[in-house]
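Colleague: Can you read through this structure? Questions will come right after.
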């Protein structure tokens with residue numbers, strides 16, 4: 722069924738996830754996520770099949786550990802054996818470089834969360850200054866401004882963190898290119914890095930800048 726949009730669609734670059742193409746003039750793609758733990762292979766497989774039958778074109782599987790990433794090989798094989806080819810996405814969590822590299826061997830796309838990929842605990846900077854753990858979420862604007870000034874990152878510190886991200890991201894980019902996989906930069910407002918929270922506050926701008934930072938690195942090495 723076709724629907725008339727009340728606003729023009731943005732022009733985007735198409736991206737393939739297995740046989741599914743996202744963006745440009747292609748139809749909007751539905752993606753969802755299984756709720757079973759990855760180690761419960763048969764239950765995960767059944768959920769993937771059920772979602773696809775209901776119209777979900779890409780299915781995401783959580784991969785919080787290296788072992789979960791390896792299990793994706795078995796999951797993908799069983800889905801094909803019992804049903805058909807379904808594009809899968811590995812949802813990568815904390816310190817995810819090795820996990821994403823492994824998962825990219827077996828799934829069609831890896832999803833990275835910029836706030837967790839190179840994880841740094843909220844409050845680390847403020848702890849060093851003897852201020853205890855400080856999180857700007859939910860605070861008044863005047864207090865947020867004060868905290869930003871006290872915890873602000875100078876250019877050297879900012880560059881060091883970006884360099885750490887780049888070092889961890891390069892192997893993932895190279896693996897995705899090698900196996901022709903997609904990469905999703907999935908920003909989560911609830912897990913922005915301390916650097917983004919301190920700089921942009923509890924705002925959508927922090928989400929935008931977090932995603933753009935990763936996109937720039939991908940373009941640099943893509």
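Numbering (the numbering used here), first residue to last: 722 to 943. No residue lacks a Cβ here, since even glycine has one placed at the ideal position from N, Cα and C.
Determine the burial state of residue 734: buried for a count of at least 16 other Cβ atoms within 10 Å of its Cβ, exposed for fewer.
Modeller: Flag for residue 734 reads exposed.
Colleague: Of the residues 745, 737 and 739, which one's Cα is nearest the Cα of residue 731?
Modeller: It is 745 whose Cα lies nearest to the Cα of residue 731.
Colleague: Do residue 740 and residue 808 count as a contact pair if the criterion is CB distance below 9 Å?
Modeller: In this structure, residue 740 lies closer than 9 Å to residue 808 by Cβ.
Colleague: Run the CB neighbour count on residue 933, radius 10 Å, all protein chains shown included, and call it buried at 16 or more, exposed below.
Modeller: Exposed, by the Cβ-count rule.
Colleague: Taking the alpha carbon of residue 754 as the point to measure from, which residue in 812, 935 and 803 has its own alpha carbon closest?
Modeller: Minimum Cα distance to residue 754 is reached at 812.
Colleague: Could you please give me the residues that DSSP links to residue 738 through a beta bridge?
Modeller: Looking at the DSSP assignment, residue 738 forms a beta bridge with 741.
Colleague: If distances are taken between C-alpha atoms only, which option among 788, 913, 824 and 767 comes closest to residue 801?
Modeller: Among 788, 913, 824 and 767, the Cα nearest to that of residue 801 is on 767.
Colleague: Is the stretch 832–841 touching the stretch 916–935, taking contact as three or more C-beta pairs under 8 Å?
Modeller: Yes: at least three Cβ pairs fall under 8 Å.
Colleague: Which same chain residues end up closer than 7 Å to residue 797 when comparing Cβ atoms and leaving out the 5 residues on each side of it in sequence?
Modeller: Around residue 797: 809, 827 and 828.
Colleague: From this set, 898, 763 and 729, which residue's C-alpha is nearest residue 940's C-alpha?
Modeller: Residue 940 has its Cα closest to that of 898, out of 898, 763 and 729.
Colleague: Taking C-beta to C-beta, are residue 784 and residue 756 nearer than 9 Å?
Modeller: Cβ distance not < 9 Å, so residue 784 and residue 756 don't count as in contact.
Colleague: Here's the rule: buried if 16 or more other CB atoms are within 10 angstroms of the residue's CB, otherwise exposed. What is residue 935?
Modeller: Residue 935 is buried by the Cβ-count criterion.
Colleague: Using a Cβ-Cβ cutoff of less than 7 Å, which residues in the same chain neighbour residue 765 once the five nearest sequence positions on both sides are dropped?
Modeller: Only 755, 757, 759, 782 and 796 meet the Cβ criterion.
Colleague: Between the C-alpha atoms of residue 928 and residue 737, what's the straight-line distance to the nearest angstrom?
Modeller: Computed Cα separation, rounded: 24 Å.
Colleague: Under 7 Å Cβ to Cβ from residue 790, same chain only, skipping five residues before and after it: list those, please.
Modeller: So the list reads 784, 811, 820, 823 and 824, once near-sequence residues are dropped.
Colleague: Would you tell me roughly how many angstroms separate the C-alpha atoms of residue 799 and residue 787, rounded to the nearest one?
Modeller: In a straight line, the C-alpha of residue 799 is about 19 Å away from that of residue 787.
Colleague: So, for residue 680: in the same chain, excluding its five sequence neighbours on each side, which residues have a beta-carbon less than 7 Å away from its beta-carbon?
Modeller: Residue 680 cannot be examined here, being either before or after the span of the chain that is shown, 722 to 943.
Colleague: Taking the beta carbon of residue 905 as the centre, do at least 16 other beta carbons fall within 10 Å, making it buried, or is it exposed?
Modeller: Answer is buried; the Cβ neighbour count reaches 16.
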